[in-house]
Structures are given as structure tokens and as C-alpha cells.
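**Q**
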């Protein structure tokens, strides 16, 4: 039964992939959506069953690789953690599939598009449902592959093709960490099954430095997949892909895989204080820096991309301070509102005939009302306006960052400031797109998207608004259903960390909540002032702070730095090495020894002159020499 | 079926050779019969080898053993048998046979008969190398392989084919001459120590060799295999030979010929000279790791597709050597399956590059761009093969690479860390190539009206794709058959290393490839 969940998308992939052009454009979209829908239904059914019996559901399909003591199977497991992921992947995924039918209409490669999308869903499900590291790695690489293929979907544009390649290669750097972590885990635990590794008693027997090494290596993998510093550079470029792809892969699901990985292995991570602190710091820093870049970005999708990086940073901060449930909670609400925001942006881009620059938008409110209102829901949710989904999840993270032993005042302060920036840049995006002057050119005639696109928007908007209610904090008298549900999967890990809630905390959870509301509303009002009331202000500010502005709008020049440090030296160095070493030295020796033989042969040939007197002379000299030699001896 | 069981290996060696003889009698101009004949022969050969696979028992013992006395006074027998290590190399050889014929269907126009006969003779020799259990015949087949390959490169090659062919032969000959000296030494030793001259693997195992002798013998054998596989820095013959060889030649070179080096390492260097092995392991592992990185870096900057694939072989076979000399069961098992996988996916890459060459008569990367538009099916297939080569989990390349790295990590963690870095580089050079050849604007007129895969081309590439997926998802039947033999090899090696008296242990060490005992 569990196996059906990944099976359906795989089937869809095979049908669309092998059928190709024989399948009509309409049919390919329907098939792709139906298979994901079926998975969703199975997932819901199993969710009910899980609530009833309360123990993880398992199914082993077959052995994949087995040599000696090393055995790895394709086997799926559904516990509360993977159930949350599966529901998000299939649920949000289904809506995005449906949206794609409208968005990709008329594209000649639509069958290819849907087959990739189904393959992605299959791989993502394998990632979150596998019961061991290696099968998870298969999903991990599989989603990377689909991401590569979909970013470069319009491969005729060299920029897009290059963006796909960049995503794959940067992810491979992360995979390097993941692979080494697996080697270490197997060498120490003798197994790659979560069940055998994630046992406190087992972990306690491993030297702490090894645990730190394993977890840091896994975290390297996570930074690649989830676009955290220093491997975040691929995600903004990934926006080259079709917008629903950005929604599904680069917002709702794949990029959260790193958070999932850490939550899954929470118990292992929690054993290493060093790793936890590193994750928390990297998370908050990523959240902060990505948010600053989003402040000045004018491409609507790129704002969302940096916002995704920033929000992922929040999730990492959460798991880094040991609040695994909070991290997954934010992962889920983020899937709702960021999926929504990307789709809404897609609807805008669709209505604007492909325009992505917000400087050429403005005043779209009347032209696309559904998109307007749904996007408002998403913007409000991500900004953390009270009672919306993002409010609860972000607040829980900030509270945990503040109160946990791995967090502290500084991290909390940066996080709170970032939350204010988030509200600012999101409303900036919103106002620049929908309010103010109409800055679009005459040829463009903005229009609302068809129903097949707006219905998914509305459904995601509803989820973004109410999705937080499953996690009402206990300080409000709520039950935090979500927290309790996840407890089964994460309690061991959280139990592992001794939380220092009580000692020396100045602020209570409720006061903290008020602070974050103030931050959100402050950001909103500032954006309103800058982009609706006084649109001349931003220009003035950017002039007066020109150096800072250049730094931020240049994305801190990280790409350029990597190019200078790694890419160019590697390529030029290899070029040089090829010429100076492979061809000159190694081949030179081989060919040179051949030449020496030829020359030697030529010289020696001269001896055979055929002239009798010469030979006689040589014999004579030889005899003389021998006599001398014998005599002297 | 017992009759077939006892003679199948002899048939596998003899059939292509005999059939090649028959093909010689066909008139030179009757191309249709020559081509179809070669195809049928190779397909039939493949089906015979399937019998090997289905009847092979997953145990360490040598199976399908046959022994025909040949020159009794020299103790030379024609003795054959397969175990888990050689089984899949034989299957790889017979699998690539029909594909090599199909790859030459239209691209070879000059003296087709000679070409097909050469292919068939090569097939016999290659199968022979993997199944004989007598060093005399091993050497015969090892060298016999050179002659048809020399002609294939020299006559049907392109560009600097004469240079490439001579370079290929000289490099390999250099190695095998040292091996010949070593073989003669062993031959003399058996005569003195055992009372009768013999070169049977099982008798060689009984020899008690002084350490010094083992040292030089190891060097002689290892040099020969290192050139063949090829290990850095003995690799420079490979790019030239690959590049100038016709497609079928490249497929066989990359697919099978290089594996003879890896096979030799496993078959001779480990069990025959275990006492000196630890002295050489650090050097060999270091060269393997250097090869992995070096091959990848060189592949990155090659302007020619075939040269790129050739250097990628240097990198990939570095993994194999690493796995073999890490001397653990998973790593050597990984090494064996990696050899098979590399044969399949690199064979496929050469096949595909050849198809492109047939259409455009160029292999320069810069002559292409945007091919995914004009050749969608071809591009899809190509990218699948590339992904297999990159080592994407779910496709065949990953299984071997992972087992090698994981297995080697126990004994050589530093080497594994560097080798794993090579995994990143593999993605860099292959995806960059894909980007330049298949993506971007289709801006060159010559590339606009190319025809996509033909039926014949499909029939050559489709079986490969199926095997790539099968071995990636369900390699268990293959691993199950390889593992027992490898495990015995490793166990015996460890026993020898851990004990003091060498002569008795050597006997045990060689049990893995022992045929029935000699009278």
C-alpha cells in the first residue's frame, strides 16, 4: 500500500516519457495530475490509518545493493515526519501540476515537462519515505536531476542551460559531503538504515569528533540542496525554469530536503553541539543575507528566490537549535505560502506575457483581481501577520532560537530584524506589482489567468491563511497539535537536548510574539510608505548609500568570487596542465624514447658499412683490447 | 546439459574464430552476407553466453571447467573455467559483440570482410583471456588480441591512425614483454619445485617464491596490467588509440580491452604475490587516485568528444584500481562491477559519438550546439548514458562507484576522500560537454537537418539503455554471483598476510581459481 504512493508518479513519468508526442497536450497534463492525485488520496488514507494505529507503516520492496555485511533495500516507511512531507509533496504538488496545465499550455515540450514533473514527485517521495540513507540518496540525487532538467527546460537559451548545470554541480559539492558521511556512518555503525543508526545508545558509543564529522558532512549536503551559505548561489539562477517548477521544486519541496534530512537525523545532530551551533549560525546568517539581497532585487521571481533562501535559513536555524518540529512546521507553512507566491507570480508573468521585471509592472490590481487577493494572502502569511500560517511557524522558530542553549540573544535579534525585512521586501514586491502607476509597455495587455490556474491559487491561499492553526502555541492555551503529532519522530532528538527554557530569560513567549508582530507590521508600513505613498524615497536612499547598495544588489559578488577562486583556476590550470604535462612530459617521454631508438638505430646502422677492411680493423682492435684486459688482470 | 556444461567455454572461444574462418570464404563484394553473418555470429555467441549466466552457481568455485592436454612434455594444457570475477567480463564481451558489428554497419566501407573477421577474432581472444586457467594460453590470447586491434586502428581508423596504432602496440608490448619474462621464470620454477613444468594457475599457487622474486614478478605483471587498464602515468596511448580507432574499435577498446588490465590485477597480482603486495599498495592506490582526478581534469579541457570520453576512462578506471587494491570484499566486488558498468556506458558513449560522426564527420565539441532540438531522441539517449557515467544513483555507474568508495573507506580513507572529490569533477566535465553539444541555440546550418536515430541505431543502443537501468536498480543477481569469488580471494589474502610460512598458504591462496588437481 505504501509503495503505491511513489508508484503512481513513476507510472505517470513512464507514460508521458515513453509516449512523448503520441500523447496529446491536454492528456499529458491530465495524466500527470491524476497520478499525483492518486498518490495524495493514498497518502490521506494512510494518514487516517496512522492516526488510528500510531506506529510507523513499513513496506520493503526489494534488495538494492548487498555485498557482505552491507545491505541496502528499497523500503519505504511512513512515520509522522515522512507523512507530513508526503502530504505536502502530493498535496501542494497536485495543485502545482494542475496549475501547470494552464501555465504550460501551447509549449511544444509539454509531455517532456510533465514527465519530468512526475519523475520529480517520485524521487522526492523516495527521498522522504526511504528507511535508509542510501535510498534516500537516490531520491536526493533524483530530485537534483529533475531540477537540472527542469531549470534547463527551455534549453535553447544558453543562460537557462547554464543555470541547470550550475545547480547540478553546486549540488554535487553537497553530495560529496553526503557520500562521505555515509561512508563514515557505515564504517562506524555497520549499517545505513535509520533504525540502526538513530539510536541514542549507539550514538553515545561513537567518539564525539566522529559524530561531529558525520553531521557536518551531512549538513554540507543539506547546504547544497537547500541553498544555504556558502552553496546558495544556484537557487537564484534556478529561476530560469518555468515558474510552476520554481514553486514545486525550488520553494515547496526539494529545497526543504536539507531541513528534512536534519530533522530525520535529529538525534544524531543533537549529539554534536558544534554541529548544532554551526547550523543555527549558518541558518540565521543565510536568512539575514538573503533577505538583504531581496530588498533591492527587481525581478519578481528573484525576490521570491532570495526570500526562499532566507526562509530556509529560518528553518535551519530552527533545527539548529534543536526545535525540529518547529522547523518542519515552518517547512509546511512555507510550502503553502511560497508555493502560492510563486504560482501567483507565475500568474502575473503569464498575464504580462513573460515580463518578470517589477519596474515594468504596477497597477495590476484591477487587471488580475484573483491573483491580487490570493497573492495578498501569501504576502501577509510570509510576513507573519497575526493569525496567518507564517505567523505561528515563524514565531515558534524565533522563540526557540531565543530560548535554546544553541541559540541566544544575538541570533534572535538578527532573526527578528530579518523578519521585519521579510515583511518589507514582500510588501515591496506586492505594491510594486499591483499598486502605483502602470509602468508596462503598450504591447502588453495584462489579463487574469484562466480558472485552471486561479483555482490552485485560491486553494493555496486558503491553506496559507488557516494552515497555522494546527500549531497554535501552548502559551496561547492551544494544543499545538502539530508538535504533538511530530513528537513520535522527533521526541528522542529533542529529549536528547536539555532545553534551558527557564534560566535567565528576560522575555516570555508572549512578549516575544508581540515583538515579532511589531516587526511585521513595521515592515509592512515602511513598504507602504516607500512604494505607495512616496515612490521617490527608495531612489534617494539607494543613492545616499551607494556602496552598500552596490554590494547588496551585486549579491555580495559571491558568484564572481567563486569564479575567480575556483572555476577559472580549475579550467585554465587544466588547460595548462594538458599542454605542459600530459602532452609535453608524459607523451614526450614515450615519443622521445621512440625517437632515441630511431636515432640510435640510424647511428648503429653506419657501423655496418660492408667494407671488409673496417670489420678487420674492428676485430683487430678488439683482439688487442682483450689481450690487454687479460694481461692487466 | 552436462555436455554443454563441460564444453561451453571452449565453444565460446572457438565459435567466433571458426565462424570468422567461414566468413573468409564469402566473396569480398557480398557485403550483405558479410555484415549479416557477423551480426548473427555475435548474437549467437551472446546467447551461448547467456547459458553461462543462467547455469552459474553463486559460489566461489571455478565452474564450467574443461582441460585438454596440449603439449604434455611442457605441461601446457588448454584449461578453462569461470568464476564470479570472470563471468561478467565474458558476458560484457559477448554483449558488446553485436553492438560493435551494428556500429560498423555503414561506417565501415573499406574491406568490410577483413574488418568483420578482425572483430570476430578479437572476440575469441578476449573471451579466451577471461576464461583460460593456464598462463601459457593467457599470454597467447593476451597478445593475440593485439594483432587484430592493430589492424582495426591502423586500417580503418581516422586521422593519425598509423601513429595511434603503433603507439598502442608498442605500449602494450612493452608491458607484456616484462610479463613474458615473469612467465618464463614461473615456468622454470614449477619445473624445479613441482617436478613437472606447468603454467596452470592451480600449480602456480603451489610455488614457494622467495620475497625478492615475488617483488620483481609482481612488478613485471603489474606493469603490464597498469599499461593496459591504463593507470596514470601510462595512459597516453589511450586517447590516441581511442580517438583514431573506428567506432567499433573504440567500443571494444574501452569496453573490454581495458578490463583485461583490471582482471589481471585481480587474477594474478593479488593471489600470486600476496607477501609483497602491501609494499606496492600505497603506490598503486596513489596512482589510482591521481588518475581519477587527473583524468577528469584532462577530460574537462578536451575539444574533441572522443578524447574527452577517453580521458574519462582514465578517471573511471582509477576507481577500479582503487577498489581492487583497497583489498576489501565490497571494494573489489565494486571494482569488478564497475569494470562491467564502465564497459557498458563508455561503450555506449563511443557508439553515440560514432553515430554523430557518421552524420557530421566531425567530433569537435565546438562544431555542435543545440542538438537537442534537431535530434531529440538521440539527445535523450545520450544524456541517459552521461548520467550513468556521472554515477547517478538508479543507473549502473553508481553501484560500482559507491561500493568501491565505501569498501575502500575502511582501509584508505584519505584516498577515498580525494576520489570522492572526483565525483564532483565527473559531473563538471560531462555536463559541460552536454551543455555545449546539446543545449543552447541550434545555430549551425549543418546541424539543422540531421536525421534522428535509425532503426539499426536503436537496436544497438536500446539494449545498452535497458542494461544501464537494470544494473542500476537491481544489481543483486550480478553482485550475488561476483561476491563469493571475491570474498574467497580476500579471505585467502588476509590469511596469507597474517601467517608466517608462505608456501602452504600460497596453496590456499590460490584455491579460488583452482581447477581439478593434476595427476
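Chains as they are written, first to last, in the working numbering: chain H, 957 to 1589; chain G, 18 to 536. Just so it is clear, CB atoms sit at the ideal spot from N, CA and C, and this is done for glycine as well.
(1) Mapping DSSP to helix, strand and coil, what is residue 1149 of chain H?
(2) Could you say which of H:1356, H:1251, H:1319, H:1317 lies nearest to residue 1282 of chain H if we only look at CA atoms?
(3) Cβ of residue 360 of chain G within 8 angstroms of Cβ of residue 113 of chain G?
(4) Name the chain H residues whose beta carbon is nearer than 7 angstroms to that of residue 492 of chain G?
(5) In chain H, what lies closer than 8 angstroms to residue 317 of chain G by C-beta?
(6) Grab the span of the alpha helix (DSSP H) containing residue 1423 of chain H for me, first residue to last.
(7) Determine, for residue 1196 of chain H, whether the minimum Cβ-Cβ distance to residues of chain G falls below 8 angstroms.
(8) Taking 7 angstroms as the limit between beta carbons, can you name the residues of its chain near residue 1454 of chain H, skipping five residues before and five after?
(9) Just checking my contact of residue 337 of chain G with residue 356 of chain G at CB under 8 angstroms: how many whole Å lie between their CB atoms?
(10) Cβ atoms of residue 1262 of chain H and residue 1388 of chain H: under 8 angstroms apart, would you say?
(11) Residue 346 of chain G touches chain H at which residues, Cβ-Cβ below 8 angstroms?
(12) Alpha carbon to alpha carbon, what distance is there between residue 94 of chain G and residue 82 of chain G?
(13) Relative to the alpha-carbon of residue 414 of chain G, which residue among G:150, G:392, G:443 has its alpha-carbon at the smallest distance?
(14) Put residue 345 of chain G into one of helix, strand or coil per three-state DSSP.
(15) Helix, strand or coil for residue 1144 of chain H per DSSP?
(16) Where does residue 59 of chain G fall in DSSP's three states?
(17) Excluding the 5 residues flanking residue 327 of chain G on each side, which residues of the same chain have their C-beta closer than 7 angstroms to its C-beta?
(18) Scan the segment 1338 to 1389 of chain H and note each continuous alpha helix (DSSP H) run of 4 residues or more that stays entirely inside, going in chain order.
(19) Return the chain-ordered list of same chain residues with a C-beta closer than 7 angstroms to the C-beta of residue 87 of chain G, the five sequence neighbours on each side being excluded.
(20) Counting pairs of Cβ atoms below 8 angstroms between the segment 1094 to 1102 of chain H and the segment 1183 to 1191 of chain H, do you hit three or more?
(21) Let's test the definition: count the other Cβ atoms within 10 Å of the Cβ of residue 1331 of chain H and tell me whether it reaches 16, buried, or not, exposed.
(22) Any idea if residue 308 of chain G is buried or exposed, counting beta-carbon neighbours within 10 angstroms, 16 or more meaning buried?
(23) Residues of chain G with CB under 8 angstroms from residue 1129 of chain H, in chain order?
(24) What do you get for residue 1407 of chain H, buried or exposed, if any count of 16 or more other CB atoms within 10 angstroms of its CB means buried?
(25) Taking residue 499 of chain G as the reference, give the member of H:1252, H:980, H:1024 with the closest Cα.
(26) One question on the structure: do residue 1421 of chain H and residue 1345 of chain H come within less than 8 angstroms of each other, judged by their Cβ atoms?
(27) Measuring only between beta-carbons, confirm whether residue 83 of chain G sits less than 8 angstroms from chain H.
(28) Does DSSP put residue 47 of chain G in a helix, a strand or coil?
(29) Identify each residue in the segment 1109 to 1121 of chain H for which the Cβ-Cβ distance to at least one residue of chain G is less than 7 angstroms, and report them in chain order.
(30) Identify every run of the alpha helix (DSSP H) within the segment 240 to 273 of chain G, keeping only runs that are complete inside it and at least 4 residues long; order them along the chain.
(31) Is it buried or exposed for residue 20 of chain G, if we count other Cβ within 10 angstroms and need 16 for buried?
(32) Who are the neighbours of residue 1098 of chain H on chain G, taking C-beta pairs under 9 angstroms?
(33) Give the DSSP-derived three-state secondary structure of residue 957 of chain H in the structure shown.
(34) I need the straight-line Cα distance from residue 290 of chain G to residue 516 of chain G, nearest angstrom please.
(35) Using a Cβ-Cβ distance cut-off of 8 angstroms, determine whether residue 434 of chain G contacts chain H.
(36) Could you name the residues of chain G that residue 1542 of chain H contacts, counting a contact when the two beta carbons are closer than 7 angstroms?
**A** Based on what the coordinates show:
(1) Residue 1149 of chain H sits at position 193 when you count from the first residue of the first chain. DSSP places residue 1149 of chain H in strand when its eight states are reduced to three.
(2) The residue you call residue 1282 of chain H lines up with position 326 of the first chain. The shortest Cα separation from residue 1282 of chain H among H:1356, H:1251, H:1319, H:1317 belongs to H:1356.
(3) By 1-based counting over the second chain, the position of residue 360 of chain G is 343. By 1-based counting over the second chain, the position of residue 113 of chain G is 96. Yes, these two residues count as a Cβ contact at 8 angstroms.
(4) Here the question's residue 492 of chain G lines up with position 475 in the second chain. Neighbours of residue 492 of chain G on chain H, chain order: 1021.
(5) In the second chain, counting from the first residue as 1, residue 317 of chain G sits at position 300. Near residue 317 of chain G (Cβ distances below 8 angstroms), the residues of chain H are 1526, 1527, 1530.
(6) In the first chain, residue 1423 of chain H corresponds to position 467, counting from 1. Per DSSP, residue 1423 of chain H lies in no alpha helix (DSSP H) segment and is marked neither H nor E.
(7) As a first step, residue 1196 of chain H must be located in the first chain, where it is residue number 240. By this cut-off, residue 1196 of chain H is not an interface position.
(8) The sequence position of residue 1454 of chain H within the first chain is 498, counting from 1. Residue placement at residue 1454 of chain H is flagged as unreliable, the pLDDT there being 43, under the threshold of 50; the coordinate-derived value follows with that caveat. Nothing listed; no residue qualifies.
(9) For the purposes of this step, residue 337 of chain G is taken as residue 320 along the second chain, with counting starting at 1. For the purposes of this step, residue 356 of chain G is taken as residue 339 along the second chain, with counting starting at 1. The pair is a contact, with the Cβ atoms about 6 angstroms apart (cut-off 8 angstroms).
(10) Numbered from 1 along the first chain, position 432 holds the residue referred to as residue 1388 of chain H. Numbered from 1 along the first chain, position 306 holds the residue referred to as residue 1262 of chain H. No; because the gap between Cβ atoms is not below 8 angstroms, this pair is not in contact.
(11) Within the second chain, residue 346 of chain G is the residue found at index 329, counting from 1. Taking the beta carbon of residue 346 of chain G as reference, the chain H residues within 8 angstroms of it are 1023, 1024, listed in sequence order.
(12) In the second chain, counting from the first residue as 1, residue 82 of chain G sits at position 65. In the second chain, counting from the first residue as 1, residue 94 of chain G sits at position 77. About 12 angstroms.
(13) Position 397 of the second chain, counting from 1, holds the residue named residue 414 of chain G. Closest by alpha carbon: G:443.
(14) For the purposes of this step, residue 345 of chain G is identified with residue 328 of the second chain, where counting begins at 1. Coil.
(15) The residue given as residue 1144 of chain H occupies position 188 in the first chain. Residue 1144 of chain H: helix per DSSP, three-state reduction.
(16) In the second chain, the residue the question calls residue 59 of chain G occupies position 42. Here residue 59 of chain G sits in helix by DSSP.
(17) If you number the second chain from 1, residue 327 of chain G lands on position 310. Non-local beta-carbon contacts of residue 327 of chain G in its own chain, meaning distances under 7 angstroms to residues more than five positions away in sequence, involve 255, 256, 259, 260 in chain order.
(18) 1345 to 1359
(19) Here residue 87 of chain G refers to the residue found at position 70 when the second chain is read from its first residue. Correct list, in chain order: 93, 94, 95.
(20) no
(21) Position 375 of the first chain, counted from the start, is the residue given in the question as residue 1331 of chain H. So residue 1331 of chain H ends up on the buried side.
(22) Locating residue 308 of chain G in the second chain gives position 291, where the first residue counts as 1. By the neighbour-count rule (16 or more Cβ atoms within 10 Å), residue 308 of chain G is buried.
(23) For the purposes of this step, residue 1129 of chain H is taken as residue 173 along the first chain, with counting starting at 1. Near residue 1129 of chain H (Cβ distances below 8 angstroms), the residues of chain G are 441.
(24) One-based indexing of the first chain puts residue 1407 of chain H at position 451. The residue is exposed, with fewer than 16 neighbouring Cβ atoms inside 10 Å.
(25) Walking along the second chain from the start, residue 499 of chain G turns up at place 482. Per the Cα distances, H:1024.
(26) Mapped onto the first chain, residue 1421 of chain H falls at position 465. Mapped onto the first chain, residue 1345 of chain H falls at position 389. In contact: residue 1421 of chain H and residue 1345 of chain H (Cβ atoms closer than 8 angstroms).
(27) The residue you call residue 83 of chain G lines up with position 66 of the second chain. Chain H contact via Cβ: absent.
(28) Counting from one through the second chain, the residue named residue 47 of chain G turns up at place 30. Coil at residue 47 of chain G, not helix or strand.
(29) 1111, 1112, 1114, 1117, 1118, 1121
(30) As far as the segment 240 to 273 of chain G is concerned, its whole alpha helix (DSSP H) runs of at least 4 residues are 254 to 261, 264 to 269.
(31) Locating residue 20 of chain G in the second chain gives position 3, counting from the first residue. Exposed, since its Cβ has fewer than 16 Cβ neighbours within 10 Å.
(32) Numbered from 1 along the first chain, position 142 holds the residue referred to as residue 1098 of chain H. Residues of chain G passing the Cβ test: 409, 410, 411.
(33) Your numbering for residue 957 of chain H matches position 1 in the first chain. Three-state DSSP puts residue 957 of chain H in coil, outside helix and strand.
(34) By one-based count along the second chain, residue 290 of chain G stands at place 273. By one-based count along the second chain, residue 516 of chain G stands at place 499. Rounded to whole angstroms, residue 290 of chain G to residue 516 of chain G spans 14 angstroms at the Cα level.
(35) Counted from its first residue, the second chain places residue 434 of chain G at position 417. Yes, its Cβ sits closer than 8 angstroms to a Cβ of chain H.
(36) Taking the first residue of the first chain as 1, we reach residue 1542 of chain H at position 586. Correct list: 250, 253.
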